[in-house]
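Quick notes on the structure that follows.
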Amino acid sequence: MKPALLTVPLLALLALATAEPPNVAPAAPAASPEVGPGGAAGLGAGAPNGVGFAARKSGFALRIRQDVTPYSLFSLFALPGETVPLSLVLPGAGVKLDFEASAGALRAGGPTSWTWDAPGAPGLYRLRFVESATKREILLNAFVMHRVEPGAESVGGYLLGKYPQAPKAGGAGRMASAYQAPRGFVEVTADNRDVPVSPHFTLGQFVCKQGAGWPKFVALREPLLIKLEALLEAANQRGWKARTFHVMSGYRTPAYNRGLQNVGLSRHLYGDAADVFIDDDGDGAMDDLNRDGRVDRADAVALHDLFAEVEATASLAPYVGGLGIYPATAAHGPYVHVDARGSRARWGE
Ligand SMILES: [Ca+2]
Ligand SMILES: [Ca+2]
Numbered sequence: 045m046k047p048a049l050l051t052v053p054l055l056a057l058l059a060l061a062t063a064e065p066p067n068v069a070p071a072a073p074a075a076s077p078e079v080g081p082g083g084a085a086g087l088g089a090g091a092p093n094g095v096g097f098a099a100r101k102s103g104f105a106l107r108i109r110q111d112v113t114p115y116s117l118f119s120l121f122a123l124p125g126e127t128v129p130l131s132l133v134l135p136g137a138g139v140k141l142d143f144e145a146s147a148g149a150l151r152a153g154g155p156t157s158w159t160w161d162a163p164g165a166p167g168l169y170r171l172r173f174v175e176s177a178t179k180r181e182i183l184l185n186a187f188v189m190h191r192v193e194p195g196a197e198s199v200g201g202y203l204l205g206k207y208p209q210a211p212k213a214g215g216a217g218r219m220a221s222a223y224q225a226p227r228g229f230v231e232v233t234a235d236n237r238d239v240p241v242s243p244h245f246t247l248g249q250f251v252c253k254q255g256a257g258w259p260k261f262v263a264l265r266e267p268l269l270i271k272l273e274a275l276l277e278a279a280n281q282r283g284w285k286a287r288t289f290h291v292m293s294g295y296r297t298p299a300y301n302r303g304l305q306n307v308g309l310s311r312h313l314y315g316d317a318a319d320v321f322i323d324d325d326g327d328g329a330m331d332d333l334n335r336d337g338r339v340d341r342a343d344a345v346a347l348h349d350l351f352a353e354v355e356a357t358a359s360l361a362p363y364v365g366g367l368g369i370y371p372a373t374a375a376h377g378p379y380v381h382v383d384a385r386g387s388r389a390r391w392g393e
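The sequence shown begins at 45 in this note's numbering and counts up one residue at a time.
Next comes the structure, spelled out in structure tokens:
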């Protein structure tokens, strides 16, 4: 039976998913290692000796609102009480999923569609979808955010500052809403900062550098995580060892961004941008990716060029965005900006 409803990007994504070895995480203990504090399993499961790289795809995929994730571990960000639509998009008919949620109401609308009514209380919840026959699963760490009203300049006592006026929307869909101030923020504490939001990234990697101590509040969007995972897999396929990207800057509050004298509409304000480099040797700076014995702009260019290649593939079509090359300065090493704004932008090339 042909999956007639699948779009080309989804088919490409299926191809990627099925090209993977079955992601049953043989080295992982049965008790879900992906959740909770100390989620180092999110970095290492499938590669227990630090050798090789496991993309950790489940063999099927879930659509969360409009975003599709094939990963066995992913996240969902919801407002209190929000009804979130979910559906099975791969591999199609004949697959039976068992499902459960730790809280809120997860209801089947049909054999391949569900809605989750998020609880009213902010916090971390879990949704689990398990393929009956194979026991392969997708676990969603579901973050119910703290809601803010339009124009709010703080959340939970944490300073945000003033969001810029959204430009007049010219188009429909994602682009039209991309510059609306976030309506919700995830509270990040010492207890949940290590919770994985995708196989190779944790919540704490994306918090703003503003202020000291906890809690902090972060805006984070699913498209960024889908994109970063795809780029990380490609980097490893290229032969660059990277268990994660070093996220030098993820979310930024408008107040913090203003301090950087940055452009008003930086994607960092909206939770779908990250400044990244590969630092698998852990010295705090970009690794020598092109193996010329130096760490400089050329390594950022190499990373950028790979990102540009990957972004051009069909499965990432919904997540095109900005790519910028930044050379080393006295304050930092070379890095690459990546975002998922929904339209192509390039700078620093
Ligand atoms: Ca390094
Ligand atoms: Ca180099």
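Even glycine gets a Cβ: it sits at the ideal position worked out from N, Cα and C.
Of the residues the options, the one placed nearest residue i, counting alpha carbons only
i, options, result
"residue 195", "227, 330 and 371", "227"
"residue 110", "98, 129, 99 and 121", "129"
"residue 186", "201, 147, 174 and 357", "147"
"residue 341", "385, 160 and 377", "377"
"residue 362", "316, 152 and 392", "316"
"residue 327", "349, 290 and 336", "290"
"residue 371", "358, 383 and 339", "339"
"residue 310", "139, 208 and 173", "208"
"residue 99", "222, 276, 261 and 125", "276"
"residue 283", "331, 356, 252 and 241", "331"
"residue 274", "103, 188, 113 and 251", "113"
"residue 157", "163, 164 and 173", "173"
"residue 181", "212, 141, 149 and 210", "141"
"residue 139", "104, 115 and 244", "104"
"residue 297", "135, 205 and 390", "205"
"residue 202", "388, 190 and 211", "190"
"residue 367", "155, 312 and 325", "312"
"residue 351", "337, 382, 324 and 373", "382"
"residue 303", "248, 254, 278 and 197", "254"
"residue 257", "246, 232 and 329", "232"
"residue 134", "244, 165 and 115", "115"
"residue 125", "374, 132 and 188", "188"
"residue 160", "144, 243 and 175", "144"
"residue 286", "322, 210 and 337", "322"
"residue 192", "123, 150, 177 and 221", "123"
"residue 348", "223, 305, 272 and 294", "272"
"residue 221", "389, 393, 391 and 384", "384"
"residue 329", "379, 183, 318 and 102", "379"
"residue 314", "224, 131, 369 and 336", "224"
"residue 165", "229, 390 and 305", "229"
"residue 391", "374, 369, 333 and 373", "369"
Residue i beta carbon near ligand 1 (any heavy atom closer than 8 Å)
i, result
"residue 7", "With the chain covering only 45 through 393, there is no way to say anything about residue 7."
"residue 325", "yes"
"residue 167", "no"
"residue 328", "yes"
"residue 331", "yes"
First and last residue of the uninterrupted beta strand (DSSP E) at residue i
i, result
"residue 142", "141 to 145"
"residue 228", "228 to 232"
"residue 181", "181 to 188"
"residue 167", "167 to 175"
"residue 368", "366 to 370"
"residue 105", "101 to 108"
"residue 153", "149 to 154"
"residue 122", "117 to 122"
"residue 240", "240 to 242"
"residue 379", "379 to 383"
"residue 129", "127 to 134"
"residue 159", "157 to 161"
"residue 97", "Here residue 97 belongs to no beta strand (DSSP E), and DSSP marks it neither H nor E."
"residue 290", "290 to 293"
"residue 423", "Lying before the first or after the last residue shown, residue 423 is absent from the chain, which here runs from 45 to 393."
Endpoints, alpha helix (DSSP H) assigned at residue i
i, result
"residue 349", "341 to 355"
"residue 302", "298 to 303"
"residue 267", "266 to 281"
8 Å contact criterion, which residue i and residue j should meet: CB distance rounded
i, j, result
"residue 364", "residue 386", "7 Å"
"residue 236", "residue 168", "6 Å"
"residue 266", "residue 359", "Not quite, the Cβ-Cβ distance comes to about 15 Å (not below 8 Å), so this is no contact."
"residue 200", "residue 259", "7 Å"
"residue 262", "residue 251", "5 Å"
"residue 269", "residue 295", "About 12 Å separates the two Cβ atoms, so there is no contact after all."
Closer than 8 Å: residue i CB and nearest ligand 2 heavy atom
i, result
"residue 349", "no"
"residue 343", "yes"
"residue 334", "yes"
Ligand 4 heavy atom lying under 8 Å from the CB of residue i
i, result
"residue 354", "Judged by which ligands are present, ligand 4 is missing from the structure shown, whose ligands are ligand 1 and ligand 2."
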